[in-house]
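Quick notes on the structure that follows.
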Amino acid sequence: MQGVCLLGATGSIGQSTLNIIEQHPDKFFLACASANESVDKMADICRRFLPKRIVMGSQEARDRVATLCDGLPISFEWGSEALDSIAEDAQVDQVMAAIMGFAGLKPTLAGIRAKKRILLANKEALVTAGQLFMDEVAKHGVTLLPIDSEHNAIFQSLPQDEHGAHKRDFSKIVLTASGGPFRSWSLEAMKEVTLAQACAHPKWSMGQKISIDSASLMNKGLELIEACWLFNVTPNEVDVVVHPESIIHSMVSYRDGSVIAQMGNPDMRVPIAYGMTWPNRVATSVEPLDFVKVASLHFEAPDLERFPNLQLAAEAWYLGGTAMAVLNAANEVAVDAFVKGRIRFLDISTVNRAVLHSTDIQSVDSLDIVFAADKVARVMTKQYIAERNWL
Ligand code: NAD
Ligand code: MG
Numbered sequence: 196m197q198g199v200c201l202l203g204a205t206g207s208i209g210q211s212t213l214n215i216i217e218q219h220p221d222k223f224f225l226a227c228a229s230a231n232e233s234v235d236k237m238a239d240i241c242r243r244f245l246p247k248r249i250v251m252g253s254q255e256a257r258d259r260v261a262t263l264c265d266g267l268p269i270s271f272e273w274g275s276e277a278l279d280s281i282a283e284d285a286q287v288d289q290v291m292a293a294i295m296g297f298a299g300l301k302p303t304l305a306g307i308r309a310k311k312r313i314l315l316a317n318k319e320a321l322v323t324a325g326q327l328f329m330d331e332v333a334k335h336g337v338t339l340l341p342i343d344s345e346h347n348a349i350f351q352s353l354p355q356d357e358h359g360a361h362k363r364d365f366s367k368i369v370l371t372a373s374g375g376p377f378r379s380w381s382l383e384a385m386k387e388v389t390l391a392q393a394c395a396h397p398k399w400s401m402g403q404k405i406s407i408d409s410a411s412l413m414n415k416g417l418e419l420i421e422a423c424w425l426f427n428v429t430p431n432e433v434d435v436v437v438h439p440e441s442i443i444h445s446m447v448s449y450r451d452g453s454v455i456a457q458m459g460n461p462d463m464r465v466p467i468a469y470g471m472t473w474p475n476r477v478a479t480s481v482e483p484l485d486f487v488k489v490a491s492l493h494f495e496a497p498d499l500e501r502f503p504n505l506q507l508a509a510e511a512w513y514l515g516g517t518a519m520a521v522l523n524a525a526n527e528v529a530v531d532a533f534v535k536g537r538i539r540f541l542d543i544s545t546v547n548r549a550v551l552h553s554t555d556i557q558s559v560d561s562l563d564i565v566f567a568a569d570k571v572a573r574v575m576t577k578q579y580i581a582e583r584n585w586l
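According to our numbering, the sequence shown is numbered sequentially starting from 196.
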């Protein structure tokens with residue numbers, strides 16, 4: 196039996212993870228769980244799964260969950276230290292890092308230092324802390340399994356030696372992108388995009404922030420950086436290909452001309468279950484792929500003019516140091532401003548570019564530098580947005 200610590204239990208990845216736990220009660224139990232503010236959803240999780248400990252983002256949210264779950268043998272906690280501590284809990288074998296954004300970095304690192312298996316959905320953690328994150332993984336001998344569907348596909352398409360390490364006999368990684376809801380929209384039409392349109396992803400049902408990132412292609416930019424850290428490559432060794440059907444989740448091109456792809460219906464329970472059970476597999480109840488029904492697969496190049504975020508991410512990688520943390524922070528603030536109706540959809544990349552280009556980039560030799568860069572970039576981005584008239 197594997198004890199799971201589910202960070203971000205009330206989110207989209209959280210719910211899919213709970214579904215896998217529920218389907219395999221002989222293999223997994225929910226040991227600990229966290230959420231920020233979703234009191235009712237967390238109370239429901241407590242009743243269904245009886246975790247040993249849960250952590251909420253505030254004392255008020257904790258108190259409300261505790262009241263709703265009065266009498267259940269659960270420790271109700273709140274705050275950042277408690278969040279780190281559930282990732283280290285003795286009952287936990289694997290940590291599912293499914294918090295949204297930079298907020299997920301600290302508890303994920305706590306899980307790494309406690310030598311838990313890390314299931315990484317929270318791409319922002321790896322994008323911002325990059326080398327330091329990977330160094331911690333190596334130092335503590337931790338198994339890191341990518342849950343992001345593209346990276347999970349790449350992981351599945353790479354050969355592994357007896358230690359699980361990847362051999363470098365591939366020539367390129369091919370990162371597929373759905374293209375999001377505005378793939379075929381003109382720049383003119385994209386000026387008037389609403390929040391609901393930006394969140395209506397054609398193929399995946401996901402949390403709000405990643406849905407908007409998918410629409411602006413920032414998600415693919417973050418994933419490009421994520422792939423570079425995970426598989427030890429540079430952006431020019433990664434081709435991004437738009438593939439609207441989202442059946443091929445990514446591919447690896449080998450030096451002999453072979454290309455290996457991982458395919459399936461788009462459902463996050465596949466990469467989640469793979470991470471939880473690797474090197475084995477379990478049933479997920481995801482509908483098997485029917486090739487006749489799919490009939491055809493399409494591919495096109497991404498349009499960097501309409502979607503400049505992808506290019507910005509590559510630029511941040513080459514700038515190095517704190518550039519990736521700065522770009523990520525700018526984007527988190529810009530997306531939030533778009534959600535609140537303060538800027539328009541296309542302004543997200545304008546803000547991202549301006550903040551990336553006007554910030555001093557430092558080399559990263561400690562995590563404190565990453566946290567400081569994130570903080571400064573957030574302040575700068577808020578200021579940049581507040582000083583201008585966007586609407
Ligand atoms: P979501 O918004 O649906 O859920 C986020 C979860 O994190 C919630 O439980 C929320 O309570 C918690 N949370 C949010 N802010 C927090 C904070 N400041 N402190 C503590 N907890 C906080 O998001 P999601 O779609 O499930 O995505 C989670 C992560 O997984 C993101 O990093 C995303 O990029 C990544 N991811 C998601 C998908 C997907 O299909 N949804 C696919 C690949 C990667
Ligand atoms: Mg993805």
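C-beta atoms are modelled at their ideal positions from N, C-alpha and C, and glycine is treated no differently.
Is residue i near residue j, with beta carbons less than 8 Å apart?
i: residue 370; j: residue 404; result: no
i: residue 525; j: residue 419; result: no
i: residue 291; j: residue 201; result: yes
i: residue 374; j: residue 293; result: no
i: residue 529; j: residue 457; result: no
i: residue 331; j: residue 314; result: no
i: residue 272; j: residue 257; result: yes
i: residue 238; j: residue 205; result: no
i: residue 545; j: residue 575; result: no
i: residue 270; j: residue 242; result: no
i: residue 215; j: residue 316; result: no
i: residue 276; j: residue 252; result: no
Are there 16 or more other CB atoms within 10 angstroms of the CB of residue i, so buried, or fewer, so exposed?
i: residue 266; result: exposed
i: residue 363; result: exposed
i: residue 343; result: buried
i: residue 560; result: exposed
i: residue 299; result: buried
i: residue 469; result: buried
i: residue 351; result: buried
i: residue 389; result: exposed
i: residue 235; result: exposed
i: residue 354; result: exposed
i: residue 450; result: exposed
i: residue 246; result: buried
i: residue 410; result: buried
i: residue 250; result: buried
i: residue 486; result: exposed
i: residue 476; result: exposed
i: residue 339; result: buried
i: residue 228; result: buried
i: residue 583; result: exposed
Please return the same chain residues whose Cβ sits closer than 8 Å to the Cβ of residue i, not counting the five positions on each side in sequence.
i: residue 336; result: 310
i: residue 421; result: 318, 321, 322, 341, 343 and 346
i: residue 453; result: none
i: residue 512; result: 419, 420, 423, 429, 430, 518 and 519
Roughly how far, in whole angstroms, is the beta-carbon of residue i from the beta-carbon of residue j, given that I think they are within contact range, below 8 Å?
i: residue 465; j: residue 455; result: With a Cβ gap of about 17 Å, residue 465 and residue 455 do not count as contacting.
i: residue 492; j: residue 443; result: 7 Å
i: residue 282; j: residue 306; result: 4 Å
i: residue 368; j: residue 433; result: 5 Å
i: residue 240; j: residue 213; result: 7 Å
i: residue 480; j: residue 254; result: Incorrect: roughly 38 Å between the Cβ atoms, too far for contact.
i: residue 396; j: residue 406; result: 5 Å
i: residue 497; j: residue 412; result: 7 Å
i: residue 551; j: residue 581; result: Not a contact, Cβ separation roughly 18 Å.
i: residue 399; j: residue 441; result: 7 Å
i: residue 424; j: residue 329; result: 6 Å
i: residue 376; j: residue 391; result: 10 Å between Cβ atoms; not a contact.
i: residue 295; j: residue 459; result: Not a contact, Cβ separation roughly 24 Å.
Which residues in the same chain as residue i place their Cβ atom closer than 7 Å to its Cβ, once the five residues preceding and following it in sequence are excluded?
i: residue 585; result: 537, 538, 539 and 542
i: residue 198; result: 224, 226, 286, 287 and 288
i: residue 547; result: 504, 507, 522, 525, 526 and 529
i: residue 386; result: 539 and 541
i: residue 324; result: 300, 562 and 565
i: residue 211; result: 463, 464 and 467
i: residue 532; result: 538 and 580
i: residue 502; result: 411 and 412
i: residue 499; result: 505 and 506
i: residue 378; result: 437 and 439
i: residue 577; result: 528
Leaving out the 5 sequence neighbours to the left and right, which residues in its chain are closer than 6 Å to residue i when beta-carbon positions are compared?
i: residue 438; result: 371 and 494
i: residue 569; result: 297, 520 and 524
i: residue 516; result: 556, 557, 558 and 559
i: residue 365; result: 447 and 449
i: residue 514; result: 556
i: residue 263; result: 238
By C-beta, the residues closer than 6 Å to any heavy atom of ligand 2, given in chain order:
343, 344, 345 and 418
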